[in-house]
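Residue numbers (this note's numbering), protein chains in the order written: chain A, 1 to 158; chain B, 1001 to 1711.
Even for Gly, the Cβ is constructed at its ideal location relative to N, Cα and C.
Keep in mind that this is a model prediction, so the values were computed, not measured.
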Amino acid sequence: MDDAIVFTLNGKQVRYAGSATARLLDVLREDYRLTGVKCGCREGECGACSVILDGRLANSCMVAMGRVDGGTVTTIEGYRETARFKALDEAYASVAAVQCGYCIPGMVLASECILAKNPHPSEAEIRVGISGNLCRCTGYNAIVKAIGIAAKEGEGLW
Amino acid sequence: MREISEPVPKKDHAAKMDGSAVYVADWPHKDMLHGKFIRSPHARARVVEIKLPPLPAGYFAVDKNDVPGINEVHIVMDDTPVYANETVEYIGEPVLMLVGPDEDEVKRLADETQVVYEELPPVLGIRNFDTVFFDYRYDKGDVAAAFAAADQVYEEEFETGYQEQAYLETQGMIARYSDGKVAVHGSMQCPYYIHGAVAKATGLAADKVRIAQDITGGGFGGKEAYPSILACQVAVAAYKAGGRPVRVVFDRREDMEYTSKRHPSLCVYKAAVKDGRVTALDIDILYNAGAYTTLTAVVLQRGVIAASGAYNIPNLKVRGKGVKTNTAPSGAFRGFGGPQTFFAIEMMMIHIAKALGEDSLAFRLRHLARQGDTTSTSGRYHFPVPLPAMIEAVDQASDYRRKRAEYSKAQTGRFRKGIGMSLWFHGAGFTGSGERDHIKAVARLRKRPDGRVEVLASQTDMGQGIKTTLCKIVAKELSLPLERVFYENPDTDRVPDSGPTVASRSLMIVGELLRQCAIQLRERWRDGEEQTVEEHYKEPDFLLPFDLDHFQGDAYPTYSWAVAAAEVQVDSLTGVQEVLGAWGSFDAGTPIDQNILRGQMEGGFLQGLAYASMEQMEADGKGRIRNNSLSDYIIPTAMDVPVMEAQAYVEEYPDGPYGAKGAGELPTVGGAAAYLGAVEQALGGASLGRIPFGAEDALSVLRADAPKEVG
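Have a look at this one:
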């Protein structure tokens, strides 16, 4: 009997034969070498390790591999291949929303989750949507602005 | 606006945006050894014995006896040991490191390692010090005469807590020793500081030490001196490991609890007032240095120099002590000693105005320093002081004066509002003659035969955008497209020592050196050839020499200026405070990139407000810091200050590139008093003097004001 964990990772089906209690964060970084997934606290507080799990933003440090079985995981490495990423990329660049960069992969995936749910979010909705992702550099204004720009310039993508 | 201020996409944007940027933790580490510290559980103790468990082949321990050079970390003074000596001086001080190929096994062995200690009584709490590391004093005018002639004398105490940098990327280093040379790379602000420290600890010649910066996930001062300590520890381990790289990456709790934070402070201000004007200040300042001196001398210098704020007070007596307690050494944090005394002077001025029955802003305006006035250290404000115009800009943005008047009326509802304003400066660059006597910056440009130009300097980009701004300066002088000018992360094998990335100096000092390099290269440019040009720092000739023994002369060549207003609502039922809006005007000279400058101002402004409101960290009665996680030490989210506006005001500095001056630290320095001033008003005119000020603090003020039951 095969009790491996099978899930879709960045569009490809993968089979993980390790422990069901391993952290998704560690498995993504160490087993799949997806180091765009950052570790900021390992306690579910900072959001640097955010991934999209079955369509929702999740702190991968708080997810056991058993939960992922049969599911779909998208990290920045998968997301960066999309047209939506390109719209966010240009928007973030246009307002210099990236400083140290450590929160950014998680922040980009949070941006995606905001816009996927609501293609025309208000500023307040954007702030709620990224409130689980800490950024110590920007004071958030530039990131909030960038998501608004992406929504406008990427009209039709979401 | 100057053309150079036009924003461009940042040089480091793409790799950080798509997740391909490699930070220290991201290097493949299957073949590396992992290091784990065994730390002191006591604030002060004698190390009696280390009992190691049986170590499997390939695992080893590293302690003070393994240090091949001198067991001291070279910082300003060299009292910090690489590994603990006979005693440990704070909870978390590393006694030894366990090293081996499997991280889990290293952790298991670390758990089984026993260190026998003989506990000693620790010194805890800033008021209980018995060791004074540094004791500074300076005088201006005749303080005794001013107090003798005073109409009123006011005295008040101000206290500030720790502030943790909370950069999103924790500290980490990787070191390898091979062929007689040690190479260290990791998260850092100052490669050449580390270079000097590692050379001393390993006993290796300068050319046998190589330090390279990895992409660094935030610093804010926290990666100024601490990486020298960690790099020495890891380099010593690598020396023993015989060729295999050794890796140490901190977890969040380890980083928050044991690495340096902003110095807690206790200041006593005494003011003489004559005819409604402050004629003298007698100021006593204590900064809690923690267990070792690290950067306390220079942090304290900046604090004592700023003690009288942006005001022209003719008579001053300022005394500042950096005192030892048995806690993790305090260190650099954006603002570097300025936030503590600016908080004190601003609150003092607000309170004196209140006692005199005068509007606090009008009172402060009457005391403002102007161009040509003497500074606290009897130097000069050589350039215009633009604060009055900046106050008007902030008043316009925030509607400060109208709100201040409105909220001063009695408030009895559940939610009560207040608005506060603070004024401050940041001395641009190193204090005193540090730049000329110690740093002696050298910067280079190398033109490749293909016409591309490389910036060779030791400045580190930790998010603040220095890679982009330096390249913009060079590209402009050479009339090259920005893509043809590039800047790799500094590596001491490749770049000269253009100094550390601290003190808001990089753009102002190194940016100007590189501008001079570019002019030189432009004049000598020959197509198709490789060419290298170099420039050395020269002090501006207008400076009045600074005498550090007496704190006399120009402490800084120029100043960056700021004004901030904060509007706060207090819930009188719960004490919870909410920032309704924050508005700032910041003069860092010419923006070399408007977007980058705005990002610095907004991010720093928020840190400064959070310093006063939510960021609380304390050492308990045993010297232990328990607010050591992002669950217990709260930094702002995107919802905490939804309305925050940072405007740029431009007063050009002729000796900075295109008029730019120090930017990075400015926004963090003085927002605290705007915040607490607003809270005071919301609480019906209480006089407050301590930050952080939380919900419980507000409740105790409200309870004290509540009618008491009698009989």
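Straight-line Cα distance separating residue j from residue i
| i | j | result |
| --- | --- | --- |
| T1574/B | G47/A | 28 Å |
| V1062/B | M1173/B | 16 Å |
| A1025/B | K1240/B | 22 Å |
| H1536/B | A1443/B | 7 Å |
| A1045/B | Y1090/B | 9 Å |
| Q1163/B | V144/A | 26 Å |
| V68/A | Y1487/B | 42 Å |
| D1461/B | F1220/B | 11 Å |
| A1021/B | G1372/B | 48 Å |
| E136/A | A1150/B | It should be pointed out that residue 136/A corresponds to Arg in this sequence rather than to Glu. Looking at the two C-alpha atoms, the distance is approximately 46 Å. |
| P1122/B | K1064/B | 22 Å |
Endpoints, the beta strand (DSSP E) within which residue i is located
| i | result |
| --- | --- |
| Y1287/B | R1277 to G1290 |
| L1230/B | Where L1230/B is concerned, there is no enclosing beta strand (DSSP E), although the alpha helix (DSSP H) it sits in stretches over Y1226 to A1241. |
| D1139/B | V1132 to K1140 |
| E1119/B | Q1114 to E1119 |
| Y1177/B | G1172 to S1178 |
| D1571/B | Y1559 to D1571 |
| V1062/B | F1060 to V1062 |
Span of the alpha helix (DSSP H), counted from its first residue to its last, around residue i
| i | result |
| --- | --- |
| T1296/B | T1296 to I1305 |
| S1398/B | L1387 to S1398 |
| Q1340/B | G1338 to L1356 |
| G1604/B | Q1594 to S1613 |
| V14/A | First-last for V14/A: K12 to Y16, but that is the beta strand (DSSP E), not the alpha helix (DSSP H). |
| F85/A | A83 to S94 |
| Y1192/B | P1191 to T1202 |
Contacts around residue i, its chain only, beta-carbon distance under 6 Å, and the 5 residues preceding and following it disregarded
| i | result |
| --- | --- |
| G1499/B | I1439 and A1441 |
| P1245/B | M1032, I1174 and R1176 |
| H1074/B | G1196, A1197 and K1200 |
| D1139/B | K1317 |
| A1291/B | E1089, Y1090, N1326 and P1329 |
Residue i, DSSP secondary structure in three states
| i | result |
| --- | --- |
| R127/A | helix |
| M1097/B | strand |
| F1693/B | coil |
| R56/A | strand |
| F1147/B | helix |
| E1529/B | coil |
| D1587/B | strand |
| R1044/B | coil |
| Y1407/B | helix |
| V68/A | helix |
| M1256/B | helix |
| E1157/B | strand |
| F1129/B | coil |
| C41/A | coil |
| D1111/B | helix |
| M1077/B | coil |
| I143/A | helix |
| Q1152/B | strand |
| G1671/B | helix |
| M1421/B | strand |
Contacts around residue i, its chain only, beta-carbon distance under 8 Å, and the 5 residues preceding and following it disregarded
| i | result |
| --- | --- |
| A146/A | L88, A91, Y92, S94, V95, A97 and S111 |
| A1410/B | G1684 |
| H1367/B | R1277, V1278, Y1311, N1312, I1313 and M1349 |
| V1153/B | F1147, K1270, A1271, A1272 and V1273 |
| E1529/B | K1447 and P1449 |
| E1358/B | G1276 |
Residue i CB to nearest heavy atom of the ligand GTP below 7 Å
| i | result |
| --- | --- |
| D1079/B | This structure does not include the ligand GTP; it has no bound ligands of any sort. |
Residues near residue i by beta carbon distance below 7 Å, same chain, minus five either side
| i | result |
| --- | --- |
| V1115/B | I1038, V1047, I1050 and V1095 |
| N118/A | E125 |
_Cβ contact check for the region 1660-1679 of chain B and the region 1559-1567 of chain B: 3 or more pairs under 8 Å_ = Touching, yes, given that three or more Cβ pairs across the two stretches are closer than 8 Å.
*Would you say the region 1470-1488 of chain B touches the region 1188-1201 of chain B, given that touching needs at least three Cβ pairs under 8 Å?*
The region 1470-1488 of chain B vs the region 1188-1201 of chain B: no contact.
_Cβ contact (3+ pairs, closer than 8 Å) linking the region 1495-1513 of chain B and the region 1037-1053 of chain B_ = The answer is no - the region 1037-1053 of chain B does not touch the region 1495-1513 of chain B, with fewer than three Cβ pairs under 8 Å.
*Counting pairs of Cβ atoms below 8 Å between the region 1283-1303 of chain B and the region 69-79 of chain A, do you hit three or more?*
Contact fails: fewer than three Cβ-Cβ distances are below 8 Å.
*Within the chosen definition, does the region 1182-1194 of chain B reach the region 1205-1212 of chain B through at least 3 CB pairs nearer than 8 Å?*
Judged by Cβ distances under 8 Å, the region 1182-1194 of chain B makes contact with the region 1205-1212 of chain B, as three or more pairs qualify.
*Decide yes or no for the touch test of the region 1227-1243 of chain B against the region 1513-1527 of chain B: beta carbon pairs closer than 8 Å, at least 3 of them.*
Not touching, per the Cβ criterion.
*Contact the region 1611-1618 of chain B vs the region 1635-1648 of chain B: 3+ CB pairs below 8 Å*: Output reads yes: the region 1635-1648 of chain B touches the region 1611-1618 of chain B.
*Quick check: the region 1684-1697 of chain B against the region 1602-1609 of chain B, are there 3 or more CB pairs under 8 Å?*
Too few Cβ pairs lie closer than 8 Å, so no.
*Kindly confirm or deny that the region 1579-1587 of chain B and the region 1124-1133 of chain B touch, where touching means at least three C-beta pairs closer than 8 Å.*
The region 1579-1587 of chain B makes no contact with the region 1124-1133 of chain B: fewer than 3 CB pairs, one atom from each, lie closer than 8 Å.
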